[in-house]
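Chains as they are written, first to last, in the numbering used here: chain C, 33 to 436; chain F, 33 to 436; chain V, 33 to 436; chain Z, 33 to 436.
Even for Gly, the Cβ is constructed at its ideal location relative to N, Cα and C.
These notes are about the structure you will find just below.
As structure tokens, this is what we get:
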């Protein structure tokens, strides 16, 4: 039987998460690396009909002057990761995929994104319909030229400022009309891309805290077109730890008095988050889960700051002050030093494989069983990582029994 | 309906865990403290027929010259915990309970325990049967004089050296005969106490890594006498964190390369553990769970050291080195600063309440659903804290439906 | 020979630094405590003619409804410091001194200080001369009624916002005229107090980053009146460490790439600093020394945040990223957990004793040999703590030889 | 004027410190790197007649099967340091110098060193005189063949167990006779090498805690032959920090109650130190300075443990518990993450340059002004880093004025 060919379309294709994911995909295809970091290769998921790495072809949008090798070399040089031999071995794949890149589309970008967009052929469009159609043309062309069975669209672009939806974003019917008729319609670029993808029947995965498909109108569209989507904001470091530590405090009836988290990092993600407008989305996403997990709201502080010398090595210090028996105050502190892009990259591949399978199984709308991947999971009912992961295992177990 | 009266018999009654538990019990009875730290007061357990704090009467064995106020004052002065007003308000209870203390019984103690035993009327017995009968006499006298419905025996004594069982410890029949006929029978003091308690029909809870009831012969005895027991080694700090963090690494397919844990503390527990013989039991108990939780054995180091100035404030530094995607090495470190006795004390009260209820429900032998309380849980199948806690919640849920 | 009597006049007398200093002074007088924490009792300073603790009488200004016992009890209850017996033993002194307190004087206070000032008899004055004279009246009355040889005025009040001096603050002549004639003259309260003190011939010590006596006009006044003064901003924790660690990096030719410092605390100082206006002074004072000590300006971040549960226990996390040989990046992190008021309090007593002696020796103006006490030392040429301390030891050595 | 040619003879030439020093020397000669990490290039030392990097020719002894590229590649691959381009550019130097390597000489080695010595032509000698003469032959041959003005011998070999000298090690006369006549004379290999070097008139630098030239007989020999020497045990991480932090506590009169330091590392140094015999020397060297710096002996613990995954990245956690004013206990913790060999390597080059100059200036015996480089400095009177560094600067200042 012929192998399926799946398109992986990356918005923000030359960012470091995308670059690391592409290098990893190429290296994994060639059998050059162990599967460490890839959740979907754990024993619980081994018998699912997940696509092998060589099923995937990469394309994407990008606003900066770069190709897929750019972030890889930058990570290697600045953050001292990857063996040079591995890069060499994968170079031809990265070059071949780079040929599928298209200039990004800017719709009402804020200043920080403007500053970043140095690709001369980037498309600055004022009418949302124009932008929407341009995106769809790129996506469909990618599918047709490469004869792809499925295309999964992944938002790996910079974090946008928070967005307050209004009546126009509550139903697809209303939003579609606004798209067609309203120049300068307030709509985040991420949602415009999500809209274009879902309308084509392409699943959408949102790695960032940007709005993406998390608007009622887009959920409706996803269900109409029978397309699954997933998001939002990958959970890779400090928040991941929160999602196992906060339940521990709750179960031991230890009262968290304050939870302070300071994050420092020096990659482009950090640079964009240094803009207070963009940072607001992230901080909110990192902070929200405590109240749900603890059942009350302790004093909490979250900061993210750009420290250039750290490059991709995100360092987080968390100070958790809690009260135990007889009013005794105690402290837990942790320091997390992780290479941010390399924590995120394997999860991108996991999500693409799982969402592609979900689409083939006929699932549509936000997928709640992917909650363990995200800081702010769509359609999910808990932030407790262990229970989120159990959902994923249960889905896998159910799916296996159905497929056997 | 008259309230039940339950005896709480503490072996090592004047140690700091016992002292803090007694102060807490008195303060809780009088409504002076919130229930923070008490697991059994969480909503999941609210509808169980658990005994209120004023149902309990305390007694116990002790080898040192002290009463129940001694550890309380020592903790207050040296570790700066407890409000003086709280101690004053509870003083009369602690004094009343101190009248029930009995001199401890020493059977083949090692040098560190010998050094500790400064109570002049401590009973040094050479024949195990003599010791066994002396313990039972004390326990029965406690029950009879105070007209107690149940007595729960709790081992809060200093950690013993590891013990290697032989054929004599495999069945109750053989052990019983050896007890009767063999002077100097190799048997840890903790197991002798456990044996005496279970044979009287009194549940036994082991807070320490000492052997206690964890010998096949004693499990058989517990089942014969229809008595439940629980253990071993309370999980209060570093190991508690391991039991949520190790599963996180496993579920994210991050490979733990090394896990180093250094513990420093300055209380009597720390002093006893400074003896290499006694420390061995503890280190083993703290280290074992990693391999089970990860599915492989990373390099690991655990140390516990006596640092006098810290008193009861145990500080643990853990350094976890792990490998992510594409062979990238990353680090998580945590620092735990907890008041050891005050982390343990509420769990003692939880266990006593839960075990008392279990006995009334007819359960016998080691209770696997108490696994979340222990570093080395008896009859348990997992070290994953979240799953251990789910067992407790499920037991509570099942029990409620039966009792309603 | 009759013992000298020296007045210690505290502005912000019921703050926690003042309270701890007063308790310490009383306890030291009574021989109840070791001299740990008091720099001036080290062997290098033993033969100086420094005043013994019982030479001092305390008075002060305060805007809040409180006496000297208030901060002591608050520290005891909230931050779990001080033995109750010690407080009892010193209670009569604190009460006696409280009788010397006077309602504070507010001149152009900002909102945060306004919010704090709940004492009904606080004096809100609009004309600087009125305020100036009211302060002097209080100070002189204190001296006269108690027949004090010297009065040392100490600014322990809340940190003020940064102040930009203009031409009026450059010479005493101009400033004096402005004081007399210009209602609403821009002048920080701390400088108004400093002015009043120096003009009376009373030395002034500034524990805070507020302007105080650090204006050219006030330096001129101090020299005119032959009065010494010292400041500013006590160096007690994170910055103290910076002042020995930064020189270490410089001397080993290790290049500091970034220095990030996050401070969290929960006392009134922290609450006031939560106001961005006030915080600005502090952050500047904490950050300035790096460039001087290293010889270049690395990226640096300093934050101070109010975390209520910490009370007086200030916690600082510093992350220092540096480059060594062959471009290798390495990291030093430190975590400081100190009781802020108890780090500052003994330094207050040291400064008062040293400044009183300096006045008797005829020194005037800012005292550069007190640099080791301050984050932003007046008239000092280095931030290197070891060299600053050597200045103090040299002064002591010189002074001894002269006095013998 | 023709440039001087200086020999740098490394004992343990293929260890990672040696390898990093050689790579650095080559790279610096070629102008490929900044001088970061090299103390002797700081402004204070710029006008000294120190030899430029291209004055040096490397040779050495080694017991393992390796050349100078071996440790460089191992560091690069395992610890992710050095740019590949840098290694390539320096490869020819490392190869050329490798031709000067000679098989190491083993005299009474312990088991751990035996296990390491896999070079087939290593010379295992039983009579000390035989070993002494073999070393001298190699050193003289190196000097003569390459026409070197000076040869500096550096001990970069693995740490030896502690050695207890006796009467034979107190004077050169006695030791010389024992060397000649006593087979199996107790004498550490490091001292045998030191003896051979000094007797040839070659300065000796001891980077390790091994005995080396620190025996009275060898000090006498150095003075007789007019040769300088320096040692011992490079101060690169945790102890370096101790030497600025302990004086800080002393100067602020804060009482250190306990100082706990845990070091973990995964290089060969760590592997050798895992042998308890060898570790003893190191721990002693790391621990001794506290009592001198503080003026009393706090409780202290130092551990060094081999954690393979860390490779050359030594991580130290130090927990310092101290008492401030009014008996308040506070805590400072630091975490040091440094690449051990790259901290040591530039200091090797500094020492060689400084010692070569000292010899030309006619200095002989242990050089006290090099104290700032060592954990256990010979002939030094203080462990306070700032004062040690001042000695170096004063020497430089004096020397400049003499040379101008």
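Same chain only: Cβ atoms within 8 Å of residue i, ignoring 5 sequence neighbours per side
{"i": "residue 315 of chain C", "result": "334, 335 and 336"}
Three-state secondary structure assigned by DSSP to residue i
{"i": "residue 335 of chain V", "result": "strand"}
{"i": "residue 40 of chain C", "result": "strand"}
{"i": "residue 262 of chain F", "result": "strand"}
{"i": "residue 225 of chain F", "result": "helix"}
{"i": "residue 290 of chain F", "result": "strand"}
{"i": "residue 489 of chain F", "result": "Nothing about residue 489 of chain F can be read from this structure; chain F reaches only from 33 to 436."}
{"i": "residue 219 of chain Z", "result": "coil"}
{"i": "residue 156 of chain V", "result": "strand"}
{"i": "residue 92 of chain F", "result": "strand"}
{"i": "residue 144 of chain C", "result": "helix"}
{"i": "residue 284 of chain F", "result": "coil"}
{"i": "residue 187 of chain F", "result": "strand"}
{"i": "residue 120 of chain Z", "result": "helix"}
{"i": "residue 134 of chain V", "result": "strand"}
{"i": "residue 364 of chain C", "result": "strand"}
{"i": "residue 398 of chain Z", "result": "strand"}
Below-8 Å beta-carbon distance, residue i vs any chain Z residue
{"i": "residue 116 of chain C", "result": "yes"}
{"i": "residue 212 of chain F", "result": "no"}
{"i": "residue 209 of chain C", "result": "no"}
Chain V within 8 Å of residue i, Cβ atoms only
{"i": "residue 333 of chain C", "result": "yes"}
{"i": "residue 413 of chain Z", "result": "no"}
Where residue i meets chain D, residues with beta-carbon distance less than 8 Å
{"i": "residue 342 of chain C", "result": "Reference to chain D is not applicable here, since the protein chains of this structure are C, F, V and Z."}
Cutoff 8 Å: residue i Cβ touching any chain C Cβ
{"i": "residue 270 of chain V", "result": "no"}
{"i": "residue 349 of chain V", "result": "yes"}
Same chain, Cβ closer than 6 Å to residue i, neighbours up to 5 away in sequence not counted
{"i": "residue 139 of chain F", "result": "157, 163, 221 and 224"}
{"i": "residue 185 of chain F", "result": "41, 229, 234 and 236"}
{"i": "residue 436 of chain V", "result": "Since pLDDT at residue 436 of chain V reaches only 43, below the 50 mark, its modelled position is unreliable, and no value is offered."}
{"i": "residue 52 of chain Z", "result": "373, 374 and 377"}
{"i": "residue 129 of chain C", "result": "90 and 100"}
Residue-level contact to chain F via CB, residue i, 8 Å cutoff
{"i": "residue 73 of chain C", "result": "yes"}
{"i": "residue 374 of chain C", "result": "yes"}
Residue i: contacting residues in chain C (beta-carbon distance under 7 Å)
{"i": "residue 362 of chain F", "result": "369, 370 and 371"}
Neighbouring residues, chain C, relative to residue i (Cβ below 9 Å)
{"i": "residue 365 of chain F", "result": "365, 366, 367, 368 and 369"}
Contacting residues, own chain, Cβ-Cβ under 7 Å from residue i (five flanking each side not counted)
{"i": "residue 371 of chain Z", "result": "111, 113, 344 and 345"}
Proximal chain V residues relative to residue i, where beta-carbon distance stays under 8 Å
{"i": "residue 315 of chain C", "result": "The contacting residues do not exist; residue 315 of chain C stays about 14 Å from chain V at best."}
Members of the segment 283 to 304 of chain V near chain C, C-beta cut-off 7 Å: 289, 290, 292, 294 and 296
Where the segment 168 to 185 of chain F meets chain V: residues whose CB sits under 9 Å from a CB there: none
Interface positions of the segment 118 to 143 of chain C facing chain F (Cβ-Cβ less than 8 Å), listed along the chain: 118
Chain Z contacts from the segment 97 to 114 of chain C (Cβ-Cβ distance under 7 Å): 112
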